[in-house]
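Report on the structure given below.
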Amino acid sequence: MAQRHHDLTDPGRPDPTDPGRPDPTAPGPHGLADPAAGPAPALGTAHADGPAAAAAPTGNAPAGNAAAGKAPVGNAVARSTVAADAAPTGDALAGYLQSQATDFLRALRLHRETGGGGAAGGTDDSVDAARALRRTARRISASLHTFRPLLDADWSERIRPELAWVSGTLALEHACGARLERLLLALHRLSGAAAAPVPARVGVPTQAGPAAPAASPAPASGRGNLTVGAAKAGALLDRQLTLARTRAHSTALQALGSSRFHAVADQVAVLASEVPLTPAAGTTDLRPLAAAAQERLADAVAALPLVTAGSPYNAEALVHGLSPDPAPHPQDAPWHQVRLLLRLHRYACEVLDGGPGTPVDVRLLAAGQALDRHRDAAEAAAAAAQAARTPRIAPATAYALGVLHADQRHEVEAARYAFQRSWPKRNQ
Numbered sequence: 431m432a433q434r435h436h437d438l439t440d441p442g443r444p445d446p447t448d449p450g451r452p453d454p455t456a457p458g459p460h461g462l463a464d465p466a467a468g469p470a471p472a473l474g475t476a477h478a479d480g481p482a483a484a485a486a487p488t489g490n491a492p493a494g495n496a497a498a499g500k501a502p503v504g505n506a507v508a509r510s511t512v513a514a515d516a517a518p519t520g521d522a523l524a525g526y527l528q529s530q531a532t533d534f535l536r537a538l539r540l541h542r543e544t545g546g547g548g549a550a551g552g553t554d555d556s557v558d559a560a561r562a563l564r565r566t567a568r569r570i571s572a573s574l575h576t577f578r579p580l581l582d583a584d585w586s587e588r589i590r591p592e593l594a595w596v597s598g599t600l601a602l603e604h605a606c607g608a609r610l611e612r613l614l615l616a617l618h619r620l621s622g623a624a625a626a627p628v629p630a631r632v633g634v635p636t637q638a639g640p641a642a643p644a645a646s647p648a649p650a651s652g653r654g655n656l657t658v659g660a661a662k663a664g665a666l667l668d669r670q671l672t673l674a675r676t677r678a679h680s681t682a683l684q685a686l687g688s689s690r691f692h693a694v695a696d697q698v699a700v701l702a703s704e705v706p707l708t709p710a711a712g713t714t715d716l717r718p719l720a721a722a723a724q725e726r727l728a729d730a731v732a733a734l735p736l737v738t739a740g741s742p743y744n745a746e747a748l749v750h751g752l753s754p755d756p757a758p759h760p761q762d763a764p765w766h767q768v769r770l771l772l773r774l775h776r777y778a779c780e781v782l783d784g785g786p787g788t789p790v791d792v793r794l795l796a797a798g799q800a801l802d803r804h805r806d807a808a809e810a811a812a813a814a815a816q817a818a819r820t821p822r823i824a825p826a827t828a829y830a831l832g833v834l835h836a837d838q839r840h841e842v843e844a845a846r847y848a849f850q851r852s853w854p855k856r857n858q
């Protein structure tokens, strides 16, 4: 990628990653709130920092909590906020944004130094750098969304969609590779091949006890069709998703070398040294805005069919499985929205509690991981259905892809069950 005026080595601009530069996360006028102010979760904590996915949603969740008798968000969510006497203000937001902007620029420099413009896949260091770029872009964009009343409106609305574009563009290549791996492992498992280890299914309850008797063997012709079809289906998926991954890699390279990305990097470099807060931000409590994000999450979760999701093997995710419409399942959209709102809530809690790495209730992490699996399985099922629409494929191949599609929709159902189990019952 061509070096431009926002290059970190440019002597005309202070290096935000220079050790001699004051740390924006250090205590001081722009320091973050004391993370020790919040009470420790009762069920244990873990450090939250997952892989890339999607940028913060640009729309609002369903209407606020107007229904009478609606239960508030459970303790697992409420514990993430700081105590009343901490009173984080705009200075905490400024410190958080400066820290994330510095990490973005550091990841950008590492991406250049490790040959991020090479072949698809890249080295481990370049992959880590791209992941860091996505992660910091998501956090900055989410914070601008949640705390936008405290920021310059024109600037915030201008940079937030651009950060979402950066995060989404860089995530495409990783998503294609992960989807292909998931589908090939599922094909090996479904065909009974022991060569490829596959993780156990998540969210489906199991009972310890004596092994169940072996099922009656299917007719030999059925087993043969599935085995042959699985091999051909795997080859077809490999061709299609490898091509998609290569195109995503080329798109990412073009994006990173474009004037649009350079403009985003310039704005992030300015953000690393100066945050355009409103005049009243320095004395405004951040907690009401974070609580609003929490309330939007609670409303979205309340709209989910959690009672149905709490019944194992309910087959709800298979509804419309034979529809010729290639559009995504409409029943998946509310779950995807909850996933994005949960990320917004988590990132808002980071601003209040002291930044990434702050201990988070393990039930929130489990809920987020279940929603990530839900998204991955839904997209994998869509990829299998798309491959099955390929003209002139053999019946055995189409059959294997149909079995694969059904298997991934069952994984969608299992992820919903896992979310229902992990989400605090007071939220239902």
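Counting from 431, one number per residue, gives the positions in the sequence shown under our numbering.
Yeah, the Cβ is synthetic: ideal placement off N, Cα and C, and Gly gets one too.
This one's a predicted model, so the numbers in the text were calculated from it and none came from an experiment.
Selection Y526, L801 and F577 evaluated against A702 yields Y526 as nearest (Cα-Cα). If you check the CB distance, A522 and Y777 do not come in under 7 Å.
With 16 or more other CB atoms across the displayed protein chains lying within 10 angstroms of its CB, L727 is buried. Bounds of the alpha helix (DSSP H) holding V842 are P825 to S852.
Residue pairing from DSSP leaves P764 without any beta-bridge partner. Short of 6 Å from the beta carbon of E592, and not among the five residues preceding or following it, lie these beta carbons of its own chain, in chain order: V694.
Nearest to R564 by alpha-carbon distance, out of V596, R578 and S556, is V596. In this structure, T576 sits near L774, with a CB-CB distance shorter than 7 Å. Three or more Cβ pairs drawn from the stretch 758-767 and the stretch 723-742 lie within less than 8 Å of each other, which places the two stretches in contact. Looking only at P825, A844, A817 and D696, the smallest Cα-Cα distance to D802 is reached by A844. Where D582 is concerned, there is no enclosing alpha helix (DSSP H), because DSSP gives it neither an H nor an E.
Cβ atoms of L535 and A699 come within 8 Å of each other, at about 6 Å. Taking 3 residues as the minimum length, the beta strand (DSSP E) runs contained wholly in the stretch 785-812 are 789-791, in order along the chain.
Of the residues assessed, A745 falls on the exposed side of the cut-off, its CB having fewer than 16 other CB atoms within 10 angstroms. When only Cα atoms are considered, L782 and L574 end up about 14 Å apart. In the DSSP assignment, the residues bridged to L707 are L581. CA-to-CA, the gap between E704 and D554 works out to about 32 Å. Per the coordinates, the alpha-carbon of D584 lies some 40 Å from the alpha-carbon of V842.
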